[in-house]
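Protein chains in written order, with numbering that gives the first Met the number 0: chain A, 0 to 214; chain B, 0 to 214.
Ideal placement from N, C-alpha and C gives every residue a C-beta, glycine not left out.
The structure appears right after this line, and notes come after that.
Number of protein chains: 2
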Amino acid sequence: MTQQTAKGAETRRLLLNTALRLFAKEGFAGTTMRAIARESGVSLGNTYYYFESKDAIVHELFRNLVEQHRSASWPLLVPGNNLETNVRLSLEKSLEILSPFHEFGPAFIRTAFSGAQDELAETRRALELELWRQVVATARPLPPLAIRQDLPQLLRLVQRGVFLFWAYDSSVDAKRSRRLVKNVAPAIARLVVLSRMPVVRSILDDVISLVRPAT
Amino acid sequence: MTQQTAKGAETRRLLLNTALRLFAKEGFAGTTMRAIARESGVSLGNTYYYFESKDAIVHELFRNLVEQHRSASWPLLVPGNNLETNVRLSLEKSLEILSPFHEFGPAFIRTAFSGAQDELAETRRALELELWRQVVATARPLPPLAIRQDLPQLLRLVQRGVFLFWAYDSSVDAKRSRRLVKNVAPAIARLVVLSRMPVVRSILDDVISLVRPAT
DNA sequence: ACAAGCTTTTGAACATGTTCAAAAACAACT
DNA sequence: AGTTGTTTTTGAACATGTTCAAAAGCTTGT
């Protein structure tokens with residue numbers, strides 16, 4: 000199914016690069032599998048030897064973006080930042096990295112929310128969580144102990160929400176999404192502080208009970 | 000494009016019914032436009048005369064479900080219910096009505112979140128809002144005045160969230176979605192009560208500023 | 001060098017969503 | 001009844017995602 004030899008890996012890389020270039024130029028729907036094959040100087044069938052489907056190519060592209068997001072956000076999480084700053088920076092960086100791919104929103108969502116339990120989805124999830132753990136761990140003051148444990152998963156949930164919003168955000172330059180982030184970051188920070196209050200805590204518990212078993 | 004005469008309307012209805020039946024039996028992806036045409040005793044081209052695309056059929060189906068949800072929830076909103084009960088009943092009814100169409104989740108989402116500004120989307124939005132206005136208006140005690148105005152839009156937002164969750168919920172019988180509703184309803188009610196507190200109010204303001212201009 | 005068994009590549013087919021020009025059916029008017 | 005214009009219907013084509021059996025290349029062991 001996938002590549003085993005050096006030559007195979009090379010072809011695969013070639014196809015992925017071509018696909019990326021065409022996607023950028025012609026958009027997702029506007030790029031045909033035949034075009035990807037032709038521009039790569041490879042047969043159509045061969046393309047399917049390396050990628051199960053057109054969506055699978057997007058899936059891989061998406062995973063790359065998640066990786067980029069993580070590594071680009073990491074150095075921003077410097078000591079001295081409070082939670083709000085960390086959250087805002089990470090979310091903003093995510094929008095920044097996604098911005099050239101707005102047209103893929105729906106396709107991304109299909110892969111991001113597919114509910115697939117395969118390895119790729121699992122590593123993606125782990126990658127995302129790692130970032131949000133770092134966001135929490137480097138924030139000062141540290142969030143209340145009672146919530147510290149679950150906060151990364153909550154933040155990941157928030158990110159998914161922002162991502163969804165962005166995917167269907169048709170405002171120019173995703174202005175509305177950027178405003179959302181600007182508003183959400185302080186809201187989160189406040190909520191976290193308030194999590195000491197039993198009423199707020201119980202609401203958070205409701206939400207946490209959702210992220211715990213899955214998603 | 001669409002039907003003008005009685006016969007045309009008849010053909011359209013026939014196609015829609017056949018599509019619905021086939022969707023239920025074979026699933027969305029499993030139902031081909033050719034099958035719909037064949038089973039209706041109509042040519043393929045004619046099907047496209049009445050429905051712009053396969054998605055357009057789903058779009059119409061979805062609108063019908065929204066309508067059903069509204070009219071089925073209405074009688075449940077009896078005097079004496081508090082907000083939590085009303086919210087829970089409406090959300091549960093929504094899951095109940097959607098349940099036979101779980102497989103359409105992604106397709107529904109495409110139409111529900113397409114961001115299209117056409118008439119169909121606008122009437123759907125109005126229909127939804129009307130229900131949530133009723134949910135708020137019939138609840139006792141009435142929600143705090145400061146938030147009463149915006150609450151319907153907030154609740155509609157919550158419903159969209161639940162809908163998204165449901166669409167990608169792969170648990171059997173959408174158990175997780177049902178639990179979500181069970182947890183969300185009291186959380187909402189508590190939040191509304193707490194909205195008198197400035198801190199909570201400011202968070203809600205952040206969210207409200209999002210639903211106000213659009214979505 | 002050769003055989004056996006992988007991996008890679010190809011080319012042709014298939015299935016299905018969608019388009020379109022032309023035919024048929026129908027309605028309205030004279 | 002006949003003409004004219006509109007709505008409905010058809011059938012054939014097209015575009016593109018996907019599958020598959022067979023050919024070609026490569027690697028490894030003899």
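Cutoff 9 Å: residue i Cβ touching any chain A Cβ
i: A186/B; result: yes
i: L190/B; result: yes
i: I146/B; result: no
i: S201/B; result: yes
i: L163/B; result: yes
Opening and closing residue of the alpha helix (DSSP H) in which residue i lies
i: A166/A; result: L150 to A166
i: D54/A; result: K53 to S72
i: P185/B; result: K174 to L193
i: M196/B; result: Unbroken run through M196/B: none, as it is neither H nor E.
i: L75/A; result: Segment: none, L75/A is in no alpha helix (DSSP H) and carries neither H nor E.
i: P105/A; result: G104 to A111
i: T137/A; result: E118 to T137
i: F22/B; result: A5 to E25
i: T46/A; result: L43 to Y49
i: N85/B; result: L82 to L97
i: A36/B; result: M32 to S39
i: L144/A; result: L144 to R147
Contacts that residue i makes with chain B (C-beta to C-beta distance below 8 Å)
i: D205/A; result: N182, V183, P185 and A186
Test item: CB-CB of residue i and residue j under 9 Å
i: L60/A; j: I35/A; result: no
i: V161/A; j: V180/A; result: yes
i: V157/B; j: R147/B; result: no
i: P185/A; j: E83/A; result: yes
i: V198/B; j: R189/A; result: yes
i: H58/A; j: T110/A; result: yes
i: D172/B; j: S98/B; result: yes
i: I187/B; j: V86/B; result: yes
i: I108/B; j: I56/A; result: no
i: R12/A; j: N81/A; result: no
i: S176/B; j: W131/B; result: no
i: K92/B; j: A125/B; result: no
i: N182/A; j: D205/B; result: yes
i: R123/A; j: V65/A; result: yes
i: P142/A; j: S194/A; result: yes
i: R69/A; j: E129/A; result: yes
i: S39/A; j: T30/A; result: no
i: R159/A; j: F103/A; result: no
i: Q100/B; j: F50/B; result: Here residue 100/B turns out to be Phe, not Gln, going by the sequence shown. Against a cut-off of 9 Å, the Cβ pair of F50/B and F100/B comes out as no contact.
i: L43/A; j: R33/A; result: yes
i: L119/A; j: R62/A; result: yes
i: F27/B; j: A106/B; result: yes
i: T137/A; j: V77/A; result: yes
Test: residue i CB closer than 9 Å to a CB of chain B
i: L193/A; result: yes
i: A166/A; result: yes
i: G26/A; result: no
i: G160/A; result: yes
i: R177/A; result: no
Under 7 Å by beta carbon: chain A residues contacting residue i
i: P105/B; result: R109
i: V198/B; result: R189 and L193
i: S208/B; result: N182
Interface partners of residue i on chain B, CB under 7 Å
i: F112/A; result: Y167
heavy atom of the ligand MG below 8 Å from residue i C-beta
i: V198/B; result: Questions concerning the ligand MG fall outside what the structure shown contains, since it holds no ligand whatsoever.
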